[in-house]
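> Once you've had a glance at the structure underneath, I'll fire off some questions.
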């Protein structure tokens, strides 16, 4: 699975959540912290209205979630479990997210 957390330096919730995010140790999970202001070059077509927000892609790349989250490890774990359990509708990945994935360090294809 792939988890991309969208945050900003000025967001207090993001700053408070950063140590928890950095400590994520879930087998099979690739996680990325994307600062929406410092990494604008990879944000093409992606509008993040509320912080923090996430994009999570299932292991089979058939289902995904994008939206605002509570800065909580339990909340992230719930979304991950629901994706793996097939509780999200399968749908093609939108081009804006394909572009994002290709521009991350260690590009995901």
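Numbering (full-length UniProt numbering), first residue to last: 1 to 109. In this text, a Cβ means the ideal position worked out from N, Cα and C, and glycines have one as well.
Using three-state DSSP, classify residue 2 as helix, strand or coil.
In the structure shown, residue 2 sits in a strand (DSSP, three-state: E or B).
> Buried or exposed for residue 59, going by 16 or more other Cβ atoms inside 10 Å?
Under this definition residue 59 is an exposed residue.
> When DSSP labels each residue in this structure, what does residue 57 get in the three-state scheme?
Correct three-state label for residue 57: strand.
> Would you check if there are 3 or more beta carbon pairs closer than 8 angstroms linking the region 59 to 69 to the region 33 to 41?
No: the two stretches stay apart, fewer than three of their Cβ pairs being nearer than 8 angstroms.
> Would the beta-carbon of residue 88 fall within 9 angstroms of that of residue 48?
No, the pair does not count as a contact, with Cβ atoms beyond the cut-off.
> Which residues in the same chain have their Cβ closer than 6 angstroms to the Cβ of residue 57, if we skip the five residues on either side of it in sequence?
Here the set comprises 2, 64.
> Can you give me the start and stop residues for the alpha helix (DSSP H) that residue 9 sits inside?
Careful: residue 9 lies outside any alpha helix (DSSP H) and carries neither H nor E.
> Could you say which of 17, 91, 8, 102 lies nearest to residue 75 if we only look at CA atoms?
Selected option, being the one with the closest Cα: 17.
> Exposed or buried, what is residue 90 when buried is set at 16 or more other beta-carbons lying within 10 Å of its beta-carbon?
Residue 90 comes out exposed.
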